[in-house]
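In UniProt numbering, the protein residues as written are 1 to 310.
We put the beta carbon where it would ideally sit given N, CA and C, even for glycine.
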Amino acid sequence: MLSEYAVEPAAIGTDWNTFRYLIEKFGADKGRLISRFPNKWERKVIQAAKDAGVSDVKMASIVERLRTAKHKVVDVNRTYDHETNWVDNAIREHGNRPFRAIVCVDAAVPCAEALLPDDCFDENAFFNAPISRDIARTSDDIADALLLIALVAGEIDIVDPYFDLRPARGNYTGPLTSLLGKLAAATPTPKVIKVHFRSHDSRPPPNILAQNAPALTNGILPEGYSLELYEWTEVPGGEDLHDRFFLTDVGGLMVGAGLAAARAAETATFTLLDITHAQQLRSRFSPNSTVYTRVGAAVRIDANGNVELF
């Protein structure tokens with residue numbers, strides 16, 4: 001759903017107007033993320049600006065914008081050889097795991113996906129980033145559509161009224177297993193996944209869910225990861241708890257048909273959300289929410305099968 005771009009520090013940092021234009025073209029809500037390539041990419045951009053003689057006032061703005069650009073830059077543990085130049089590194093990595101495009105200062109780079117900063121406009125096929133897309137409802141396709149935003153995120157909330165660990169209730173564990181496996185392979189930092197679903201008479205109470213959860217989640221959670229399950233009910237006369245979302249602290253998506261895997265021929269519409277809107281939606285499932293009411297205790301499961309009610 002989101003695309004990863006390699007952006008040469010010199011291509012974005014040496015000119016204030018170019019920096020200001022390009023940095024606004026990226027973000028989890030824009031469909032484009034900048035690869036943290038190398039892993040001190042932000043410092044390289046600042047150094048490029050200093051080397052180019054960018055004024056102190058504009059330098060301060062560059063530093064501040066990079067500091068608050070968490071939702072724009074993604075680290076997927078790419079390999080970088082500091083003994084060679086940035087372009088050669090980018091071309092090599094592109095051959096191993098393709099970027100959507102490589103933004104660089106050299107027009108002669110031997111790569112069809114290489115873009116100059118002036119090429120970075122929405123009508124360019126390699127820079128165009130649709131904010132909605134139909135995704136095949138297979139576990140891996142759903143996981144792939146969510147992976148980049150999950151990598152950037154520090155906090156993840158899955159909202160699906162019908163989410164259920166029990167296989168007879170739908171294949172919700174397949175996409176979750178695939179996503180967490182891809183996350184663990186891409187980042188050394190474990191994550192907490194919070195899942196919010198709607199209360200129903202057919203659901204087991206929290207103590208029974210806690211008893212069954214270790215067996216139902218066996219093999220799903222990588223080491224260090226944990227899953228938190230929250231049950232909610234609607235407030236009379238208030239908001240319907242119907243829509244499905246994948247929400248994070250850096251943005252989110254609305255998922256039309258839900259996050260359960262189905263037949264490969266079926267699709268679900270994934271639509272990127274404005275960052276502010278995503279945070280408003282997350283607040284509906286916060287401890288002090290007045291939009292929905294939490295039911296009973298939440299259940300926390302870790303990778304070792306330990307369970308806690310809280």
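Sub-8 Å separation of residue i and residue j beta-carbons
i: Leu22; j: Ile12; result: yes
i: residue 353; j: Gly252; result: Look at the range of the chain in this structure, 1 to 310, and you will see that residue 353 is not part of it.
i: Arg294; j: Val159; result: no
i: His71; j: Pro161; result: no
i: Pro9; j: Ala48; result: yes
i: Phe270; j: Arg137; result: no
i: Leu247; j: Arg282; result: yes
i: Val87; j: Ala186; result: no
i: Leu146; j: Ala210; result: no
i: Ser273; j: Asp29; result: Note on identity: in this sequence residue 273 is Leu, with Ser being the wrong assignment. Their beta carbons are under 8 Å apart, which means Leu273 touches Asp29 by this criterion.
i: Leu33; j: Leu180; result: no
i: Thr18; j: Ile135; result: no
i: Asp249; j: Ala153; result: yes
Own chain residues within Cβ distance below 7 Å of residue i, not counting five before or after
i: Ala213; result: Leu165, Val299, Ile301 and Val307
i: Asn89; result: Tyr80 and Asp81
i: Asp122; result: Asn128
i: residue 353; result: Any answer about residue 353 is impossible in this case: the structure gives the chain only from 1 up to 310.
Residue i - containing alpha helix (DSSP H), residue span
i: residue 322; result: Coverage of the chain is limited to positions 1 through 310, which leaves residue 322 absent and any answer about it impossible.
i: Met59; result: Asp56 to Arg67
i: residue 311; result: Residue 311 is absent from the structure shown; the chain starts at 1 and stops at 310.
One or two residues paired with residue i in a DSSP bridge
i: Glu231; result: Phe197
i: Asp157; result: Lys194 and Leu247
i: Glu4; result: Leu33
Residue burial classification, residue i (beta-carbon count within 10 angstroms, cutoff 16)
i: Val63; result: exposed
i: Asp157; result: buried
i: His200; result: exposed
i: Gly219; result: exposed
i: Ser178; result: buried
i: Thr68; result: exposed
i: Gly27; result: buried
Residues of its chain near residue i, where Cβ-Cβ distance is below 6 Å and the 5 sequence neighbours each way are ignored
i: Ala101; result: Tyr5, Glu113, Leu115 and Phe126
i: Ala278; result: Leu247, Gly251 and Gly252
i: Val195; result: Ile158, Phe163 and Leu229
i: Gly224; result: Pro190
N-terminal and C-terminal residue of the beta strand (DSSP E) that residue i is part of
i: Val307; result: Val307 to Leu309
i: Val299; result: Val299 to Asp302
i: Thr293; result: Tyr292 to Arg294
Other residues of its chain near residue i: CB distance less than 8 Å, five sequence neighbours each side excluded
i: Arg263; result: Arg137
i: Val235; result: Thr290, Val291, Tyr292 and Thr293
i: Val45; result: Pro9, Ile12, Gly13, Phe19, Ile62 and Leu66
Residue-level contact to chain C via CB, residue i, 8 Å cutoff
i: Ala168; result: Absent here is chain C; the protein component of the structure consists of one chain.
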